[in-house]
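Q: First the structure, which I've put down as structure tokens, then a few questions once you've had a look.
Protein chains in written order, with the numbering used here: chain A, 1 to 349; chain B, 1001 to 1349; chain C, 2001 to 2349.
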């Protein structure tokens, strides 16, 4: 078990300690769960109140955070510092060892670089190319001519269909499907005829894809996910979608065919995007929103259909008063009717 | 094939027969599908009309139900009675036999209690502990140091990642993922850095988890699902979520990180909950609602954003009349303008 | 590599060429991705503008499309023609060969017709019946007494639970679950008791089911999917749902228990349907809509709750002006109040 003084941690993170820097830290935990001997972090001022409740021995804060009843380690990016410390106190224990499990079925025509680990009951088809130190956990399927870049990690039961490409240092969580057919049918004489989906999926470096997420292959050409993009669980990405670099796609989002996300786009949970639209660089779409058309770079939109977020908030605030608005309008109609009636009588007189 | 008289079934269910209790029952079916010789049930007065259409030989009803054209078995909870009768007429036929299939890969360091059944192509990692009579259907993955309580049943292709805990008598449907990484990234210098997710998932007793549902492990500490909670298909449960006992979570719900459900909460289909909120005991959230903040115990809320259900129903009723409301307001503005104009002329005169 | 003249393609598709029909076509691609030597298609007049940008050598259009800067092949249904041409230039390369992989576990009591292909690590339980040329890609699970019609194709990691039926020429994408338990519980004494789900799922001919989609078995009787229906990824279909023929169900739709779709219904992405309702023949439900009650045949509905689409569009157009409407109503109240006050003074005088 690692033990560090707060001073040692401060040196490692290039931070500054306010309070006793000689205390010993033995673990790391969230602010609600931390116990004596743990260090925790405060990344969001919404949770300031927890500073008085936590049992943590020390807390990592951003500059300018209010004073705390325990020693504070001040750093520029507390969440990033937390991320670095977690691995110190909780080393990765269960990393699979290199080698091919005897129950795996690996085609002799597949190419495995050094240090590859292939778990039990995996299947690797001919022409697949696995870079150095790639890990396939048990039960993964890697189709014909798939390429996986070095240091990528596939959790159990991932399916990579033929001719797809995964970059370096990617993480694919359990049940991910990459390269399933796009949803395309031509209606003729009362029946739908399948349009063959002969493109592929190309995933950049440092991409993470959440459990049971599905990414369809392109009809022709490629569905693309840019470097550094992080995708959560149960997301649906349609054929010929192009996602830029460093995007965040939260759980249960659906992106329809041929839509494009530029870099640094954030889609909150359960968002739906129509097909053939473009979401500009740095744009943010609020949770559950439905987006029927292009979104400008840098915009923040919400609602169904999505509109500028600030406008949507004002609308959300007045919607509960709609029944009263109808009543007020009825009252106005009565009052105006009475006035009109009175004025008419007046004129007649 | 089991055959019972209606009198025998009444004795078993402690119910009362109205009509001929000597008729023979040979099967059980829903009210629309039932044929001659079947018993069916009526649990919802909305379906009263089916009483005249069903071909069932007898029907299980609650006290006070309208008269029926066939013998009626009156019980306190018809749906519960139906549940008991189904197993009488349709015994479970396909229960896997105890033992380890030769194609399964079970670490010698795993501990299997008596009566455990491990299907073909399963993988059980070192340190896993499986209670008595646990069943793993084919293709399940059970990670390092996972614990599964007695009589739990895993359907094919379930993934339980390392250090997660499943209680007793749980049912995990095909494709369930428990313990995937929470979705946490720290932005630094234009890139997202993964925050290691070193907690686990702890699932209580008598929990059911639907097909392809995903439950993320905690960043630190545990994501928790309480005893008796039932979760439907394709649900997403984020890291550090805490769900109480006897909750109902319907299909395609998404629960964001660190949100808490107290006991007896019901979330209808496709609901989305924001992170770090609390849903009070016994609260109900209507289908497709988006919940951005805490919900009081016992409350029923609906809409996007969610508001009290009764208010939401009134709003849903007036929204289709919004275009007319705009027209009525325009009309009022015209009329008031005319009055003002007339009054001005009057004063001038 | 196939090479055809445009005249040859025109003959094959019974279309007419406008321009030079002697040019050689070497490939096929979408209008944005096409390069020199490729043929592409234009199926939607929204994309007319691409005609000037594409590098394609020829383009397939419907009659009456505006003139193009390259030879045009005019056909009645361009998308259908494209579908036929794709297979010409991109033959299916990776079709699994017939036979049973030695690592598959196939019960001797299962019946396999001629030409069946069973991939590595599949499991086929006793009583299963696989029609001619059925393909199971690696890691599929086929339960007791399942029937699969001839020429159906299961991608990796599909789960078909016991007693379900799949028709002919169906395609089940990776991770599909058919026959998971319906979500039914009877509340008694504070706990939910599982209602056994003893029905099955019956899928017609020519049905396609998207990756990680889940279809629950009926409580009693059958959940049914009609011939020619196409279902996208991550869709949830509840117990006892009945879907007609030639329906289109887009990604992440949820259909609650016992709801019925007549033929030719289209549900756009992320739609939610309540239970026990009926969607009439040819009806269309817009993306993300929530449908609480029956929909008439031929209707197009949208919104939450869903209303006629044209009305919903008018409402969506006025909602952003709601804050102003409140302001206008306040203004009117002021003006009417002033008039009333003036008139009163007038009367007193």
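Glycine is no exception: its CB is placed at the ideal position from the N, C-alpha and C atoms.
#1: Is the beta carbon of residue 2036 of chain C sitting closer than 8 Å to the one on residue 2061 of chain C?
#2: Can the beta-carbon of residue 1150 of chain B be found less than 8 Å from the beta-carbon of residue 1133 of chain B?
#3: Distance, Cα to Cα, residue 1145 of chain B vs residue 1124 of chain B?
#4: So residue 2315 of chain C contacts chain B; which residues on that side make the cut at Cβ distance below 8 Å?
#5: Over the uninterrupted beta strand (DSSP E) stretch that includes residue 194 of chain A, give me the two end residues.
#6: Starting from the C-beta of residue 112 of chain A, find all residues in its chain whose C-beta is less than 6 Å away, skip the five residues before and the five after it, and write them out in chain order.
#7: Going by the CB atoms, is the gap between residue 211 of chain A and residue 1177 of chain B shorter than 8 Å?
#8: Using only alpha-carbon positions, find the residue among A/184, A/278, A/14 and A/213 that is nearest to residue 350 of chain A.
#9: Run the CB neighbour count on residue 1341 of chain B, radius 10 Å, all protein chains shown included, and call it buried at 16 or more, exposed below.
#10: Quick one: residues in its chain with C-beta nearer than 7 Å to the C-beta of residue 1232 of chain B, no 5 flanking neighbours on either side, listed in chain order?
#11: Which of the three DSSP states is assigned to residue 1306 of chain B in this structure?
#12: At least one CB of chain B closer than 8 Å to the CB of residue 73 of chain A: is that the case?
#13: Taking C-alpha atoms, which residue in B/1109, B/1179, B/1043 and B/1032 lies nearest to residue 1052 of chain B?
#14: Just the Cα atoms here: how many angstroms apart are residue 2048 of chain C and residue 2068 of chain C?
#15: Express the C-alpha separation of residue 2270 of chain C and residue 1323 of chain B in angstroms, rounding to a whole number.
#16: What in chain B is Cβ-close to residue 30 of chain A, meaning under 9 Å?
#17: Taking the alpha carbon of residue 2217 of chain C as the point to measure from, which residue in C/2205, C/2229, C/2235 and C/2197 has its own alpha carbon closest?
#18: Hey, is residue 239 of chain A close to the ligand PLP, as in C-beta under 7 Å from one of its heavy atoms?
#19: If you compare alpha carbons, which of A/2, A/86, A/344 and A/309 is closest to residue 28 of chain A?
#20: Taking all protein chains shown into account, decide if residue 331 of chain A is buried (16 or more other Cβ within 10 angstroms of its Cβ) or exposed.
#21: Using the beta-carbon of each residue, which ones in chain B are nearer than 8 Å to residue 94 of chain A?
#22: Just to confirm, are residue 139 of chain A and residue 1141 of chain B a CB contact at a threshold of 8 Å?
#23: Let me make sure I understand the geometry here. Which of A/284, A/45, A/312 and A/23 has the alpha-carbon closest to that of residue 56 of chain A?
#24: Kindly indicate which residue of A/219, A/240, A/238 and A/202 has the alpha-carbon position closest to the one of residue 227 of chain A.
#25: Could you tell me the alpha carbon to alpha carbon distance between residue 1294 of chain B and residue 1255 of chain B, rounded to whole angstroms?
#26: To the nearest angstrom, report how far apart residue 2281 of chain C and residue 2265 of chain C are at their CA atoms.
#27: Can you tell me whether residue 1180 of chain B is buried or exposed, with buried defined as 16 or more other CB within 10 angstroms of its CB?
#28: Bridge partners of residue 2345 of chain C, per DSSP?
#29: Between the Cα of residue 117 of chain A and the Cα atoms of A/153, A/187 and A/193, which residue gives the shortest distance?
#30: Name the residues in the segment 1097-1117 of chain B whose C-beta lies less than 8 Å from a C-beta of chain C; which are they?
#31: Which whole runs of the alpha helix (DSSP H) in the segment 1064-1143 of chain B are 4 residues long or more, in chain order?
#32: By the criterion of Cβ-Cβ separation under 9 Å, what are the contact partners of residue 1225 of chain B in chain A?
#33: How should residue 1305 of chain B be labelled, buried or exposed, when 16 other C-beta atoms within 10 angstroms of its C-beta is the threshold for buried?
#34: Let me check one thing: in DSSP terms, what residues is residue 168 of chain A bridge-paired to?
#35: Assign residue 201 of chain A to one of three DSSP states: helix, strand, or coil.
#36: Check whether the Cβ atoms of residue 1089 of chain B and residue 1007 of chain B lie closer than 8 Å to each other.
A: Concretely, from the data shown:
#1: Here residue 2036 of chain C refers to the residue found at position 36 of the third chain. Here residue 2061 of chain C refers to the residue found at position 61 of the third chain. The answer is no: Cβ separation not under 8 Å.
#2: Position 150 of the second chain, counted from the first residue, corresponds to residue 1150 of chain B. Position 133 of the second chain, counted from the first residue, corresponds to residue 1133 of chain B. In this structure, residue 1133 of chain B lies closer than 8 Å to residue 1150 of chain B by Cβ.
#3: Walking along the second chain from the start, residue 1145 of chain B turns up at place 145. Walking along the second chain from the start, residue 1124 of chain B turns up at place 124. Distance between the alpha carbons of residue 1145 of chain B and residue 1124 of chain B is about 9 Å.
#4: The residue given as residue 2315 of chain C occupies position 315 in the third chain. Simply 1319, 1320, 1322 and 1323.
#5: Locating residue 194 of chain A in the first chain gives position 194, counting from the first residue. Here the beta strand (DSSP E) through residue 194 of chain A covers 191-194.
#6: Taking the first chain and counting its residues from 1, the one referred to as residue 112 of chain A is at position 112. So the qualifying residues of the chain are 130.
#7: As a working mapping, residue 1177 of chain B is identified with position 177 in the second chain. As a working mapping, residue 211 of chain A is identified with position 211 in the first chain. Yes, they are a contact pair.
#8: Since the first residue shown for chain A is 1 and the last is 349, residue 350 of chain A is missing from the structure and cannot be characterised.
#9: The residue given as residue 1341 of chain B occupies position 341 in the second chain. The Cβ neighbour count for residue 1341 of chain B, taken over all protein chains shown within 10 Å, is under 16; the residue is labelled exposed.
#10: In the second chain, the residue the question calls residue 1232 of chain B occupies position 232. A distance below 7 Å between beta-carbons, with the five flanking residues on each side excluded, links residue 1232 of chain B to the following residues of its chain, in chain order: 1210, 1249, 1250 and 1251.
#11: Here residue 1306 of chain B is taken as the residue at index 306 of the second chain, counted from 1. Per DSSP, reduced to three states, the secondary structure at residue 1306 of chain B is strand.
#12: The residue given as residue 73 of chain A occupies position 73 in the first chain. False, the Cβ-Cβ gap to chain B never drops below 8 Å.
#13: By 1-based counting over the second chain, the position of residue 1052 of chain B is 52. Per the Cα distances, B/1032.
#14: The sequence position of residue 2048 of chain C within the third chain is 48, counting from 1. The sequence position of residue 2068 of chain C within the third chain is 68, counting from 1. In a straight line, the C-alpha of residue 2048 of chain C is about 9 Å away from that of residue 2068 of chain C.
#15: Within the second chain, numbered from 1, the residue matching residue 1323 of chain B stands at position 323. Within the third chain, numbered from 1, the residue matching residue 2270 of chain C stands at position 270. Going from the Cα of residue 1323 of chain B to the Cα of residue 2270 of chain C covers about 26 Å.
#16: Your numbering for residue 30 of chain A matches position 30 in the first chain. Under a criterion of Cβ atoms nearer than 9 Å, the residues of chain B adjacent to residue 30 of chain A are, in order, 1199, 1218, 1219, 1220, 1221, 1240 and 1258.
#17: Taking the third chain and counting its residues from 1, the one referred to as residue 2217 of chain C is at position 217. Measuring from the Cα of residue 2217 of chain C, the nearest candidate turns out to be C/2197.
#18: Summarising the ligand content, the structure contains no ligands, and the ligand PLP is consequently not present.
#19: Locating residue 28 of chain A in the first chain gives position 28, counting from the first residue. Looking at the Cα atoms, A/86 is the closest of the given residues.
#20: Stepping through the first chain from its first residue, residue 331 of chain A is reached at position 331. Around the beta carbon of residue 331 of chain A, fewer than 16 other beta carbons lie within 10 angstroms, which makes this residue exposed.
#21: As a first step, residue 94 of chain A must be located in the first chain, where it is residue number 94. Simply 1125, 1143, 1144 and 1162.
#22: Start at 1 with the first residue of the first chain, and residue 139 of chain A comes out as number 139. Start at 1 with the first residue of the second chain, and residue 1141 of chain B comes out as number 141. Yes; because the gap between Cβ atoms is below 8 Å, this pair is in contact.
#23: Against the first chain, residue 56 of chain A aligns to sequence position 56. Answer by Cα proximity: A/23.
#24: As a first step, residue 227 of chain A is located in the first chain; it is residue number 227 there, counting from the start. That would be A/202, whose Cα lies nearest to the Cα of residue 227 of chain A.
#25: Taking the first residue of the second chain as position 1, residue 1294 of chain B is located at position 294. Taking the first residue of the second chain as position 1, residue 1255 of chain B is located at position 255. About 13 Å.
#26: Numbered from 1 along the third chain, position 281 holds the residue referred to as residue 2281 of chain C. Numbered from 1 along the third chain, position 265 holds the residue referred to as residue 2265 of chain C. Taking the Cα positions, residue 2281 of chain C is about 6 Å away from residue 2265 of chain C.
#27: By one-based count along the second chain, residue 1180 of chain B stands at place 180. Under this definition residue 1180 of chain B is a buried residue.
#28: Position 345 of the third chain holds residue 2345 of chain C. According to DSSP, residue 2345 of chain C bridges with nothing at all.
#29: Stepping through the first chain from its first residue, residue 117 of chain A is reached at position 117. Among A/153, A/187 and A/193, the Cα nearest to that of residue 117 of chain A is on A/153.
#30: Interface annotation for the segment 1097-1117 of chain B against chain C: 1101 and 1103, criterion Cβ-Cβ distance under 8 Å.
#31: Counting whole runs of 4 or more residues, the segment 1064-1143 of chain B contains the alpha helix (DSSP H) stretches 1078-1089.
#32: Taking the second chain and counting its residues from 1, the one referred to as residue 1225 of chain B is at position 225. Ordered by position in chain A, no residue passes the 9 Å Cβ test against residue 1225 of chain B, which lies about 16 Å from the chain.
#33: Here residue 1305 of chain B refers to the residue found at position 305 of the second chain. Buried, since its Cβ has 16 or more Cβ neighbours within 10 Å.
#34: As a first step, residue 168 of chain A must be located in the first chain, where it is residue number 168. Beta-bridge pairing links residue 168 of chain A to no other residue.
#35: In the first chain, residue 201 of chain A corresponds to position 201, counting from 1. Correct three-state label for residue 201 of chain A: strand.
#36: For the purposes of this step, residue 1089 of chain B is taken as the residue at position 89 of the second chain. For the purposes of this step, residue 1007 of chain B is taken as the residue at position 7 of the second chain. By the CB criterion at 8 Å, residue 1089 of chain B and residue 1007 of chain B fall outside the cutoff.
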